[in-house]
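2 protein chains.
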Amino acid sequence: MTGDKPVVYVVDDDPSVLRALERLLRSADLGLETFTSALDFLNFQHPEAPGCLILDVKMPGVSGLELQERMARQGILFPIIFITGHGTVPLSVQAMKAGAVDFLMKPFDPKDLLEIVFKALDKDRQAKWEQRELKRLRERLKTLTPREAQVFRSVVAGMLNKQIAYDLGTAEKTIKVHRARIMEKMGAKSLAELVRFAEKLGIGSPSS
Amino acid sequence: MTGDKPVVYVVDDDPSVLRALERLLRSADLGLETFTSALDFLNFQHPEAPGCLILDVKMPGVSGLELQERMARQGILFPIIFITGHGTVPLSVQAMKAGAVDFLMKPFDPKDLLEIVFKALDKDRQAKWEQRELKRLRERLKTLTPREAQVFRSVVAGMLNKQIAYDLGTAEKTIKVHRARIMEKMGAKSLAELVRFAEKLGIGSPSS
DNA sequence: GCCGCCGTTGGACCAAAGTCCAATATCTTT
DNA sequence: AAAGATATTGGACTTTGGTCCAACGGCGGC
Chain A
169 MTGDKPVVYV
179 VDDDPSVLRA
189 LERLLRSADL
199 GLETFTSALD
209 FLNFQHPEAP
219 GCLILDVKMP
229 GVSGLELQER
239 MARQGILFPI
249 IFITGHGTVP
259 LSVQAMKAGA
269 VDFLMKPFDP
279 KDLLEIVFKA
289 LDKDRQAKWE
299 QRELKRLRER
309 LKTLTPREAQ
319 VFRSVVAGML
329 NKQIAYDLGT
339 AEKTIKVHRA
349 RIMEKMGAKS
359 LAELVRFAEK
369 LGIGSPSS
Chain B
169 MTGDKPVVYV
179 VDDDPSVLRA
189 LERLLRSADL
199 GLETFTSALD
209 FLNFQHPEAP
219 GCLILDVKMP
229 GVSGLELQER
239 MARQGILFPI
249 IFITGHGTVP
259 LSVQAMKAGA
269 VDFLMKPFDP
279 KDLLEIVFKA
289 LDKDRQAKWE
299 QRELKRLRER
309 LKTLTPREAQ
319 VFRSVVAGML
329 NKQIAYDLGT
339 AEKTIKVHRA
349 RIMEKMGAKS
359 LAELVRFAEK
369 LGIGSPSS
């Protein structure tokens, strides 16, 4: 499943650029989807496979930078490689600050682009894998009852069953039962693992 | 101690720019150190206080970008704000990829710069705090004997004393002793805390 | 009203971990 | 050789945590 063929998405309003990039990327045995506008891309159903985006900065309608922003807001997270004919320093800085992988000026060396694309795909593979892990954990967390979640927080904070029981005004026995259910529901084989899960879920440090 | 007055370091070969920035930054009640060359900055003993660097891209001798690279190699980690009169897109992209906070073109709005500086200082305050935490942990880790370190890894991997003993070919009793010493030396008040320490130290995941 | 989930608890044990005190064998360093 | 750090183990308990089985009251839904 993590071994899906990677897909490169290209968004550019200039068909000739699209064709050129298509030739280049096909030669590297990469999946490819092309779009002539930012909105077309947004309406497209992205598969699970790792991918990256090659994006023209300047396009009629929604610009590349706007698309980047909208994607971030919608949680569509793909590494973005910008290409442009008339880029400026402020534009490139904005794009990079917003997390772009690179920002290339035309004309560029096709070899450079391919190298960047491969790096971006690796990055997305990694990111997607972590996203899936986190999603699984969150789903498991949701199966905890309110009380269990409460005990969960106390357990990973390092409290003893006895202390937790005192805090919640219940018997230590009750905590043991909750604790067992927590380990089971979260799929943790040891306390160490449970703590690591909690860390990934951001339990113990943030506002909470 | 974390409440030290922040210091802004400015490196620019043009004395008039230095003076202008000095006026601006002094007005904001910020500590200030100016340098007319990258090497001067490298030879300077940086205090512990949070700080950031305002750096001219183009300078005779060692350029701003080279300084950024050298700092990274030497582990001198300050947020860097580049300013330049004649920047290009590739230069700004390189700087941003290397971790720069921002890349400003002259002329720029002094208010913008101040805002960026304050953000950079906050960032460094946070980074410095985490660095200190990590340093303390590493020092504690170093006080562990080889055997203890070995047991440490097994413990945070979630193994039972019994299993660890079997792996190492020793008695379970021995592991208990090691374990107690580990908790004491690492200053962990609970297993949960110990696991968190191990996470920060990168034990359990990396090459190892 | 009956069923299922949630939170609760008890009893009876077992297993794992921690605590004191004490002791031995190596190895390195002084 | 003596001192010190390291690694090891035993005995004797105490505390904690986990497991099985069983049970009860409250609450929402069918």
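Respectively, the protein sequence lines represent chains A and B. Numbering-wise (the numbering used here), the first sequence opens with residue 169 and increments by one. Numbering-wise (the numbering used here), the second sequence opens with residue 169 and increments by one. Positions of the beta carbon are idealized from the N, C-alpha and C atoms, including for glycine.
_Segment limits, alpha helix (DSSP H) that includes I244/A_ = Taking the first residue of the first sequence as position 1, residue 244/A is located at position 76. Counting along the chain, I244/A falls outside any alpha helix (DSSP H), and DSSP gives it neither H nor E.
TODO: Could you tell me the distance, in whole angstroms, from the CA atom of E307/B to the CA atom of V176/B?
DONE: One-based indexing of the second sequence puts residue 307/B at position 139. One-based indexing of the second sequence puts residue 176/B at position 8. If you take the alpha carbons of E307/B and V176/B, they lie about 29 Å apart.
Exercise. Would you identify the three-state DSSP class for M327/A, choosing helix, strand or coil?
Key: Indexing the first sequence from 1 puts residue 327/A at position 159. Looking at M327/A - three-state DSSP - the assignment turns out to be coil, as it is neither helix nor strand.
Closest by C-alpha distance to F271/A, when choosing among T256/A, K341/A and I249/A
Here residue 271/A is taken as the residue at index 103 of the first sequence, counted from 1. Checked all of T256/A, K341/A and I249/A; the closest Cα to F271/A is I249/A.
- Check the DSSP bridge columns for M273/B and list the partner residues they point to. Within the second sequence, numbered from 1, the residue matching residue 273/B stands at position 105. T252/B.
Q: Consider the C-beta atom of I249/A and the heavy atoms of the ligand COA; say whether any pair is separated by less than 7 Å.
A: With respect to the ligand COA, the structure offers nothing, as it holds no ligand at all.
Checklist line | Closest Cα partner of S231/A within the set I251/A, K279/A, R364/A and G219/A | finding: Residue 231/A sits at position 63 when you count from the first residue of the first sequence. When each option's Cα is compared against that of S231/A, the closest is I251/A.
Under 8 Å between C-beta atoms, does G326/A make it to chain B?
-> The count along the first sequence starts at 1 and reaches residue 326/A at position 158. Chain B, which has a Cβ nearer than 8 Å to the Cβ of G326/A, makes this yes.
- Quick one, are the C-beta atoms of D224/B and D180/B less than 8 Å apart? Mapped onto the second sequence, residue 224/B falls at position 56. Mapped onto the second sequence, residue 180/B falls at position 12. For D224/B and D180/B, yes; Cβs fall inside 8 Å.
Could you check how far apart the C-beta atoms of C220/A and D292/A are, in whole angstroms? I think they sit under 8 Å. For this step, residue 220/A is matched to residue 52 along the first sequence. For this step, residue 292/A is matched to residue 124 along the first sequence. The pair is a contact, with the Cβ atoms about 6 Å apart (cut-off 8 Å).
Neighbouring residues, chain B, relative to R191/A (Cβ below 7 Å):
One-based indexing of the first sequence puts residue 191/A at position 23. None at all; the shortest Cβ gap to chain B is about 25 Å.
* Please work out which residues of its chain come closer than 7 Å, Cβ to Cβ, to T256/A, disregarding the five sequence neighbours upstream and downstream, and give them in chain order. => As a first step, residue 256/A must be located in the first sequence, where it is residue number 88. There are no such residues.
_In DSSP terms, what E307/B is bridged to_ = As a position in the second sequence, residue 307/B is number 139, starting the count at 1. Paired residue(s): none; E307/B is not in a bridge.
**Asked** What are the boundary residues of the alpha helix (DSSP H) that E352/A is part of?
**Response** Mapped onto the first sequence, residue 352/A falls at position 184. Run containing E352/A: E340 to M354, per the alpha helix (DSSP H) assignment.
*Locate the beta strand (DSSP E) running through V225/A, then write down its first and last residues.*
Taking the first sequence and counting its residues from 1, the one referred to as residue 225/A is at position 57. V225/A -> no beta strand (DSSP E), and no H or E assigned at all.
task: Please work out which residues of its chain come closer than 6 Å, Cβ to Cβ, to A266/A, disregarding the five sequence neighbours upstream and downstream, and give them in chain order.
output: Residue numbering aside, residue 266/A sits at position 98 when the first sequence is read from its first letter. So the qualifying residues of the chain are Q236.
Classify S376/B: buried if its beta carbon has 16 or more other beta carbons within 10 angstroms, exposed otherwise. By one-based count along the second sequence, residue 376/B stands at place 208. For S376/B, the pLDDT reaches just 39, beneath the cut-off of 50, and the residue's location in the model is therefore unreliable, although a value from the coordinates is still provided. With fewer than 16 Cβ atoms within 10 Å of its Cβ, S376/B is classed as exposed.
Fill in: Spatial distance of F246/B from L369/A (CA atoms)
Within the second sequence, the letter at position 78 stands for residue 246/B. Within the first sequence, the letter at position 201 stands for residue 369/A. Using only the alpha carbons, I get a separation of about 29 Å.
query = If you check the beta carbons only, do L192/B and P278/B fall under 8 Å apart?
reply = In the second sequence, counting from the first residue as 1, residue 192/B sits at position 24. In the second sequence, counting from the first residue as 1, residue 278/B sits at position 110. Yes, the pair counts as a contact, with Cβ atoms nearer than the cut-off.
- V185/B (DSSP reduced to helix, strand or coil): The count along the second sequence starts at 1 and reaches residue 185/B at position 17. Correct three-state label for V185/B: helix.
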